[in-house]
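> Residue numbers (the numbering used here): 6 to 597.
(1) Tell me the rounded alpha-carbon separation between residue 4 and residue 449.
(2) Out of 122, 317 and 127, which has the shortest C-alpha to C-alpha gap to residue 143?
(3) Report back the beta-carbon spacing between residue 390 and residue 381 to the nearest angstrom; my notes put them in contact at under 8 Å.
(4) Which residue marks the beginning of the beta strand (DSSP E) containing residue 543, and which one marks its end?
(5) Starting from the C-beta of residue 141, find all residues in its chain whose C-beta is less than 6 Å away, skip the five residues before and the five after it, and write them out in chain order.
(6) Between the region 318-331 and the region 174-187, can you find at least three pairs of beta-carbon atoms closer than 8 Å?
(7) Check for me: the alpha helix (DSSP H) holding residue 505 runs from which residue to which?
(8) Could you say which of 216, 212, 204 and 240 lies nearest to residue 231 if we only look at CA atoms?
(9) When burial is assigned at 16 or more other CB atoms within 10 Å of the CB, is residue 275 buried or exposed?
(10) Since I believe residue 491 is in contact with residue 524 (beta carbons under 8 Å), could you give me their beta-carbon distance rounded to a whole number of angstroms?
(11) Is the Cβ-Cβ distance between residue 91 and residue 99 less than 7 Å?
(12) Just to check my reading of the structure: residue 170 and residue 333 have Cβ atoms closer than 8 Å, yes? What is that Cβ distance to the nearest angstrom?
(13) So who's on the other strand from residue 101, going by DSSP bridges?
(14) Within 10 angstroms of the Cβ of residue 319, are there 16 or more other Cβ atoms? Answer buried if so, exposed if not.
(15) Taking only three categories from DSSP, how would you classify residue 227?
(16) How would you write the range of the beta strand (DSSP E) that residue 599 sits in, first residue to last?
(17) How about residue 115: is its C-beta nearer than 7 Å to some C-beta of chain B?
(18) Which two residues bound the contiguous beta strand (DSSP E) that contains residue 189?
(19) Return the chain-ordered list of same chain residues with a C-beta closer than 6 Å to the C-beta of residue 305, the five sequence neighbours on each side being excluded.
(20) When the Cα atoms are used, what is the spatial distance from residue 75 to residue 59?
(21) Which residue wins for smallest C-alpha separation from residue 460, given the options 553, 425, 377 and 223?
(22) Could you work out which residue in 336, 354, 361 and 356 is closest to residue 347 when comparing CA atoms only?
(23) Please list the terminal residues of the continuous alpha helix (DSSP H) segment that includes residue 124.
(24) How many Å lie between residue 41 and residue 499 at the Cα?
(25) Mapping DSSP to helix, strand and coil, what is residue 468?
(26) Going by other Cβ atoms of all chains shown within 10 Å of its Cβ, with 16 needed for buried, is residue 567 buried or exposed?
(27) Look at the Cβ atom of residue 156, then the Cβ atom of residue 314, and state whether they are nearer than 7 Å.
(28) Nearest CA to the CA of residue 517: which residue from 325, 153, 557 and 406?
(29) Residue range of the beta strand (DSSP E) that residue 4 falls in?
(30) Helix, strand or coil for residue 219, going by three-state DSSP, please let me know.
(31) Give me, in chain order, the residues of the same chain whose beta-carbon lies closer than 6 Å to that of residue 364; leave out the 5 immediate sequence neighbours on both sides.
(32) Name the one or two DSSP bridge partners that residue 293 has.
(33) Can you tell me the Cα-Cα spacing of residue 293 and residue 278, whole angstroms?
(34) Starting from residue 137 and walking both ways along the alpha helix (DSSP H), at which residues does that stretch end?
(35) Do you know how far the Cα of residue 394 is from the Cα of residue 458?
(36) Within its chain, find whatever has a CB closer than 7 Å to the CB of residue 1; leave out the 5 residues flanking it on each side and keep chain order.
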């Protein structure tokens, strides 16, 4: 037995002292009971962090039990085991629900006067009349017992030692326990050898019971004499809560001290000593010292246990129980971070507006624009800094020359001169002393685009300065829809332009003649009747979708909305293209 205890002790302390200390865990906002509060605390908008969500601890325990009472307990009096469930309220206080079962024995080296036995409850309320022989024969009795206790408590556990000023965390916890609960004791006494009385005369014969060795030998003789049957019920206290006829449920207070060692974030192991205090002197079955002298001392069960705690939960959602965390680690960490910050130095050597502490290029050329890191800007990333780049926003994907100008091949697009030539050819037949601009439209649209408000303003100015003239507004479409569709769409474009002038400039409707020409008379002829074209051809189609204004001649007449097709199904009066794929909506820098 001694070798087993020694081996267990070596293993226990090897586990306890062989573990390296870990750093405090990172606690995210979602791992706290109020994520919003914790987020504000991290950003310095609130003075207090939110309490972390922590795990429950499930524990198992086993150990040594004995009862200090009227009957002496041997060195190894008994054993116990149990379970507990513990939850932290805060960093120092937790609640624990503890349940246990213990079984203890005791053997009295001194004999009991049979007259005293007569006063004991186990005699007065006996069920086995055989023990009357001790009283009748005036034979001495050596008291003994075997007591089993099933109990449970709700406990407050006060943690001592995790509030640290000089270390990030500790793997040791010292704690005190106080609880209240109920226990069910069952006490048995061995007074019969089978069905006959024991002869206890030889137990203490020839021994000096005032010495330790004498009492030890007396207990040994008693143990050897008994058959271990424990057939006689011990004394039962006045019931507080009765369960059957032979048991009592007793309320109790329990107190304890413990120390535990954190093995890792999931497991801890510890030692704990507890005493149970209840208003009972019958845990050992006896309560009288003499026939008239009832013991004034209560029987106290003791339990010394080894406990293994297991933290339950997901570490991505909860922390270890709070009694393993240092509540000062957050504030002290923030203080250390503040102390580690460099002293603010506002020197800006190169004068680029970025102080040297933040400047990654402290010798930028004088006057060169820089980014927020103090590095000279190269906006188009062509290798030529903006302050030396003749084209700071070159088209991406092309080589640049030494001045930073992109070497873009000619795409064959219409340039400004080409557009001017087309427009000049078109207006050459208009016999007026002024130029009336055109308005262009997106594909399948009759919405007047804001970039043409200036052209329409010019037309309105002409009409206001020349109140005796009227205008023809003629709409056109490109060639990619049926004629009936394009006739209605071109009419609606002309009507939209006229309505804009009437609404915006308060011009009367009588000064306009609305006409439509569909896909006739294109500015750029011979374009493909397909939507699957490149951007260059799409730009040319855009020029054909227009409304032209010209001075009305006496022979000009208003045209009615074409019939044969529902106008509500033609085009759209909202911004943006009506089709996916390649499209062209004009060039805001060129006026078309």
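Every residue gets a Cβ at the ideal spot worked out from N, C-alpha and C, and that includes glycine. Predicted model, so just to flag it, every value in this text is computed and none were measured.
Reading from the atomic positions:
(1) No information on residue 4 is available, as it lies outside the stretch 6 to 597 that the chain covers here.
(2) Sequence index remark: in the chain shown, residue 143 carries index 138 (1-based). Minimum Cα distance to residue 143 is reached at 122.
(3) Locating residue 390 in the chain shown gives position 385, counting from the first residue. Locating residue 381 in the chain shown gives position 376, counting from the first residue. About 5 Å separates the two Cβ atoms, so the contact holds.
(4) Taking the chain shown and counting its residues from 1, one reaches residue 543 at position 538. Segment 540-549 is the alpha helix (DSSP H) holding residue 543; no beta strand (DSSP E) there.
(5) Here residue 141 refers to the residue found at position 136 when the chain shown is read from its first residue. Taken in chain order, the list of residues that qualify is empty.
(6) These segments touch.
(7) On the chain shown, residue 505 is found 500 positions in, with the first residue counted as 1. That run of the alpha helix (DSSP H) goes 488-510.
(8) One-based indexing of the chain shown puts residue 231 at position 226. Answer by Cα proximity: 204.
(9) Residue 275 sits at position 270 when you count from the first residue of the chain shown. Buried, because 16 or more other Cβ atoms sit within 10 Å of the Cβ of residue 275.
(10) Translated into positions along the chain shown, residue 524 becomes position 519. Translated into positions along the chain shown, residue 491 becomes position 486. Your pair residue 524 and residue 491 checks out as a contact, with CB atoms roughly 5 Å apart and the cut at 8 Å.
(11) Looking up residue 91 in the chain shown gives position 86. Looking up residue 99 in the chain shown gives position 94. Cβ distance < 7 Å, so residue 91 and residue 99 count as in contact.
(12) Start at 1 with the first residue of the chain shown, and residue 170 comes out as number 165. Start at 1 with the first residue of the chain shown, and residue 333 comes out as number 328. About 7 Å separates the two Cβ atoms, so the contact holds.
(13) Stepping through the chain shown from its first residue, residue 101 is reached at position 96. Looking at the DSSP assignment, residue 101 forms a beta bridge with 91 and 160.
(14) Walking along the chain shown from the start, residue 319 turns up at place 314. Exposed, by the Cβ-count rule.
(15) Taking the first residue of the chain shown as position 1, residue 227 is located at position 222. Assigned with DSSP and collapsed to three states, residue 227 falls in helix.
(16) Nothing can be reported for residue 599, as the shown portion of the chain is limited to 6 through 597.
(17) Going by chain labels, chain B is absent from the structure shown, which holds only one protein chain.
(18) Within the chain shown, residue 189 is the residue found at index 184, counting from 1. It spans 177-194 - the beta strand (DSSP E) in which residue 189 sits, taken as one unbroken run.
(19) Looking up residue 305 in the chain shown gives position 300. Answer for residue 305: 73 and 280, listed in chain order.
(20) On the chain shown, residue 75 is found 70 positions in, with the first residue counted as 1. On the chain shown, residue 59 is found 54 positions in, with the first residue counted as 1. Going by the C-alpha atoms only, they are around 45 Å apart.
(21) Residue 460 sits at position 455 when you count from the first residue of the chain shown. For residue 460, the closest of 553, 425, 377 and 223 by C-alpha to C-alpha distance is 553.
(22) As a position in the chain shown, residue 347 is number 342, starting the count at 1. Minimum Cα distance to residue 347 is reached at 361.
(23) Reading the chain shown from its first residue, position 119 is the one you call residue 124. From DSSP, the alpha helix (DSSP H) with residue 124 extends over 119-124.
(24) Start at 1 with the first residue of the chain shown, and residue 41 comes out as number 36. Start at 1 with the first residue of the chain shown, and residue 499 comes out as number 494. Distance between the alpha carbons of residue 41 and residue 499: 58 Å.
(25) Residue numbering aside, residue 468 sits at position 463 when the chain shown is read from its first letter. Annotated three-state conformation of residue 468 is helix, per DSSP.
(26) As a working note, residue 567 is residue 562 in the chain shown. By the neighbour-count rule (16 or more Cβ atoms within 10 Å), residue 567 is buried.
(27) Position 151 of the chain shown, counted from the start, is the residue given in the question as residue 156. Position 309 of the chain shown, counted from the start, is the residue given in the question as residue 314. Taking C-beta atoms as the reference points, residue 156 and residue 314 fail to come closer than 7 Å.
(28) Locating residue 517 in the chain shown gives position 512, counting from the first residue. It is 557 whose Cα lies nearest to the Cα of residue 517.
(29) Outside the displayed span of the chain (6 to 597) sits residue 4, for which this structure offers no information.
(30) The count along the chain shown starts at 1 and reaches residue 219 at position 214. Residue 219: helix per DSSP, three-state reduction.
(31) Against the chain shown, residue 364 aligns to sequence position 359. Only residues of its own chain outside the window of five on either side were considered, and among them 379 have a CB closer than 6 Å to the CB of residue 364, listed in chain order.
(32) Here the question's residue 293 lines up with position 288 in the chain shown. Looking at the DSSP output, residue 293 sits in a beta bridge with 299.
(33) Taking the chain shown and counting its residues from 1, the one referred to as residue 293 is at position 288. Taking the chain shown and counting its residues from 1, the one referred to as residue 278 is at position 273. In this model, residue 293 and residue 278 are separated by some 29 Å (Cα to Cα).
(34) Here residue 137 is taken as the residue at index 132 of the chain shown, counted from 1. 137-141 is the span of the alpha helix (DSSP H), which, as asked, contains residue 137.
(35) To locate residue 458, count along the chain shown from 1; it is residue 453. To locate residue 394, count along the chain shown from 1; it is residue 389. For residue 458 and residue 394, the distance between alpha carbons rounds to 36 Å.
(36) The structure shown does not extend to residue 1, since the chain is modelled only from 6 through 597, so no value can be given for it.
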